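Line by line, the protein sequences give chains R and W.
Start counting the first sequence at 1; every next residue gets the next number (the numbering used here).
Start counting the second sequence at 1001; every next residue gets the next number (the numbering used here).
The beta-carbon is built from N, C-alpha and C at its ideal position, and this holds for glycine as well.
All values reported here derive from a predicted model rather than from experimental measurement.
2 protein chains.
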Amino acid sequence: MSIHEQLIRIFEDQPQQFLSGEELSTKLNCSRTAIWKHIERLRQEGYEFEAVSRKGYRLTSKPEKLDVQAIQNRLETKVLGRTMFYYDEVDSTQIVARERIAQGAEEGTLVVAELQTAGRGRLGRKWHSPKGKGLWMSLVLKPRIPLHFTPQLTLLIAVALCRSLRQSTGLPIGIKWPNDLLIEGKKISGILLESSAEDENLHYVVAGIGIGVNLTQEDYPDDELRAKATSLAIESGKKWDRTEILCQFLKELELVYDLYHEQGFGPIKLLWEALSVSLHRTITCHTPRGQAVGYAVGIDDSGALSVRLPDGSMTLWYSGDIELSPATHDSL
Amino acid sequence: MSIHEQLIRIFEDQPQQFLSGEELSTKLNCSRTAIWKHIERLRQEGYEFEAVSRKGYRLTSKPEKLDVQAIQNRLETKVLGRTMFYYDEVDSTQIVARERIAQGAEEGTLVVAELQTAGRGRLGRKWHSPKGKGLWMSLVLKPRIPLHFTPQLTLLIAVALCRSLRQSTGLPIGIKWPNDLLIEGKKISGILLESSAEDENLHYVVAGIGIGVNLTQEDYPDDELRAKATSLAIESGKKWDRTEILCQFLKELELVYDLYHEQGFGPIKLLWEALSVSLHRTITCHTPRGQAVGYAVGIDDSGALSVRLPDGSMTLWYSGDIELSPATHDSL
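Here it is in structure tokens:
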């Protein structure tokens, strides 16, 4: 057993007890500085301690862990999440999911990790995913659609996630084109879709989904992120059961996904437009090649944003980062 | 040096000479059966021997090999093929190209092999690619287009290949939707596009291209393939310079690819329709879910085939294998 694990064991065996640094360093045969470093690492992993001078440290809370069996018992889906790989820590659930696909993973396979050390968001950005505080996952889908309908899946997943989180928490969550979920302008969740195809045949999609469930202000590494991102706990003032949030999302996604296979993009488009915070307002689109301003009118069947430019002409935006102007319902 | 290589050396050192099996088995210190097996293997690799009883074997022709330096000297492109990886033998140039991309290969990188041991065609089919007789290659492209325009690239490459082969050989080559090249109903070339994307952003495309250049009837393993496939040599009655064919193709592709980036799919669509043998006739489409018959009218901007069904309604076919009916210009 490592010093790290021994330390956890000692604290867990004596709940509510203060243990001094000296006592611990004697027990574990290491320096007090080493003990202090281990405590800091445990804090990063989600353990919480009360530290009182001359008394020492007292364990006040342990990181919550997902229980695969409890999830399977609670799950109401036929396919999605029925095969599940759970990790304490991975570099990125997307990488693990792609490896699982190479080994034959089927539709619905879910990879969940308590901590991602190299989580990625859209456009190669780093995605902050601390231990036990959110849902960091990748879902394998193999939809029977031609390649060029793939962008519809991004919108479909955003719709299902938005609907399920609203149902679970009652919070006023909206979709920012194409696939961020926001509360009052702050990001609560991100979706990233990696696809692989041969000619017109989509082989698979790996949907990376991150949900900030129980993060507190202290869980964000800097003010910049704190200003842009939030969590269900911060917005509601209470902690949420991640198992419940996950199972509710998978249930809703399976419903919407089945609807899509039966009736096509039509109903998904209506749902997306109803939940969107990007429409009927002036927006700025940032792309690697520059930026443009326009008034967002709707989306088309390819998932592109239909935009009226300042000169009155209509155009389609296929990708990019959009910024919402504060005023709504203005028109260019 | 292996027995195989020693045998090649001995034959090459004595051109026009008959060498008996006994002589060879003594020189190489192996059985006459082993010599016979090595000769058979050399034949499969493209060496040709005259065998006369009591006299032995005489090397009459060696497999032609591509010369990377000669190709680079002859090439008139700026980007395509300027970085080139040449292999005597690989499993599949597609696999090698994907590995090269993981190591940072840029747009235009070309992987060429004299022989593929596990060459693949569309829909996972085996692709027959014997040594030194064709052009078996994979080209890395990183076009600046949204994901859902990817199918247009398949048509673009078919257009460039068809045009360049017509220019090089004068043969009446046409395009069968979506991306097979035919002469008189027999396949002369196949194209396979593997794509990888993140959300709407296409990361890369690997275009697998096989051209039957100098295959003879004997190079096809069975009558079934002989009935369906042909080569430039079989159709024209003469051998072709593979370097010339390759350089002409890359030059034409770069032209068409640049045109596409400047003017979009419009001009490519017109070129494709002009070269197509699939339009204005009744066709049968075979998909994993069954088959359908219709009259092919044109293609749309997504590369889908626009088809009039027997009941008069119009539909779009996005993928599948089509079979051309013998009669042309009939209408349902």
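Can you tell me whether residue i is buried or exposed, with buried defined as 16 or more other CB within 10 angstroms of its CB?
| i | result |
| --- | --- |
| residue 236(R) | exposed |
| residue 1052(W) | exposed |
| residue 1141(W) | buried |
| residue 1214(W) | buried |
| residue 89(R) | exposed |
| residue 150(R) | buried |
| residue 1078(W) | exposed |
| residue 92(R) | buried |
| residue 202(R) | buried |
| residue 170(R) | exposed |
| residue 1016(W) | exposed |
| residue 9(R) | exposed |
| residue 289(R) | exposed |
| residue 1223(W) | exposed |
| residue 1185(W) | exposed |
| residue 1262(W) | exposed |
Helix, strand or coil for residue i, going by three-state DSSP, please let me know.
| i | result |
| --- | --- |
| residue 266(R) | helix |
| residue 1299(W) | strand |
| residue 260(R) | helix |
| residue 112(R) | strand |
| residue 201(R) | strand |
| residue 1182(W) | strand |
| residue 101(R) | helix |
| residue 1085(W) | strand |
| residue 1147(W) | helix |
| residue 1016(W) | coil |
| residue 223(R) | helix |
| residue 1155(W) | helix |
| residue 32(R) | helix |
| residue 1078(W) | coil |
| residue 5(R) | helix |
| residue 331(R) | Bear in mind that the predicted position of residue 331(R) carries a pLDDT of just 42, short of 50, making it unreliable; the figure below should be weighed with that in mind. In the structure shown, residue 331(R) sits in coil (DSSP, three-state: anything other than H, G, I, E or B). |
| residue 10(R) | helix |
| residue 1252(W) | helix |
| residue 66(R) | coil |
| residue 107(R) | coil |
| residue 1160(W) | helix |
| residue 1306(W) | strand |
| residue 286(R) | strand |
| residue 1333(W) | Nothing can be reported for residue 1333(W): it is not among the residues displayed for chain W, which extend from 1001 to 1332. |
| residue 1142(W) | coil |
Please report the distance separating the alpha-carbon of residue i from that of residue j.
| i | j | result |
| --- | --- | --- |
| residue 5(R) | residue 31(R) | 16 Å |
| residue 1199(W) | residue 1192(W) | 22 Å |
| residue 159(R) | residue 269(R) | 9 Å |
| residue 36(R) | residue 28(R) | 12 Å |
| residue 239(R) | residue 233(R) | 5 Å |
| residue 208(R) | residue 1197(W) | 13 Å |
| residue 1120(W) | residue 1087(W) | 17 Å |
| residue 1099(W) | residue 1139(W) | 13 Å |
| residue 1096(W) | residue 256(R) | 39 Å |
| residue 1137(W) | residue 259(R) | 42 Å |
| residue 1293(W) | residue 80(R) | 36 Å |
| residue 327(R) | residue 277(R) | Interpretation of residue 327(R) is limited by its pLDDT of 48, a score under 50 that renders its predicted location unreliable; the figure taken from the coordinates is listed afterwards. About 12 Å. |
| residue 291(R) | residue 218(R) | 34 Å |
| residue 206(R) | residue 1172(W) | 43 Å |
| residue 220(R) | residue 128(R) | 8 Å |
How close, in whole Å, do the beta carbons of residue i and residue j come, if the pair is a contact with beta carbons under 8 Å?
| i | j | result |
| --- | --- | --- |
| residue 152(R) | residue 265(R) | 5 Å |
| residue 243(R) | residue 66(R) | 6 Å |
| residue 1163(W) | residue 1252(W) | 5 Å |
| residue 1181(W) | residue 1168(W) | The pair is not a contact, with the Cβ atoms about 13 Å apart (cut-off 8 Å). |
| residue 349(R) | residue 23(R) | What the structure shows of chain R is the stretch from 1 to 332, and residue 349(R) is not part of that stretch, so it cannot be assessed. |
| residue 1281(W) | residue 1304(W) | Not confirmed; about 17 Å, so no contact. |
| residue 1312(W) | residue 1306(W) | The Cβ separation is near 14 Å, so there is no contact. |
| residue 272(R) | residue 155(R) | 5 Å |
| residue 1324(W) | residue 1176(W) | 7 Å |
Going along the chain, which residues of the segment 313–324 of chain R sit with their C-beta nearer than 7 Å to a C-beta in chain W? Identification of residues in the segment 313–324 of chain R having a C-beta nearer than 7 Å to some C-beta of chain W yields 318 and 319, given in sequence order.
Check each residue of the segment 1182–1207 of chain W: if its Cβ is closer than 8 Å to any Cβ of chain R, include it; give the result in chain order. Of all residues in the segment 1182–1207 of chain W, those with a C-beta nearer than 8 Å to a C-beta of chain R are 1192, 1193, 1194, 1195, 1196, 1197, 1198, 1199, 1200 and 1201, reading in chain order.
Closer than 7 Å, Cβ to Cβ, to anything on chain W: give me those residues from the segment 60–94 of chain R, in chain order. Going along the segment 60–94 of chain R in chain order, one finds no residue with a Cβ nearer than 7 Å to chain W.
Residues in the segment 1133–1164 of chain W having any Cβ partner in chain R nearer than 8 Å: Taking 8 Å as the Cβ-Cβ cut-off, the segment 1133–1164 of chain W approaches chain R at 1146, 1147, 1148, 1149, 1150, 1151 and 1154, given in chain order.
What residues in the segment 1296–1309 of chain W have a beta carbon less than 7 Å from any beta carbon of chain R? Among the residues of the segment 1296–1309 of chain W, those with a Cβ less than 7 Å away from any Cβ of chain R are 1302, in the order of the chain.
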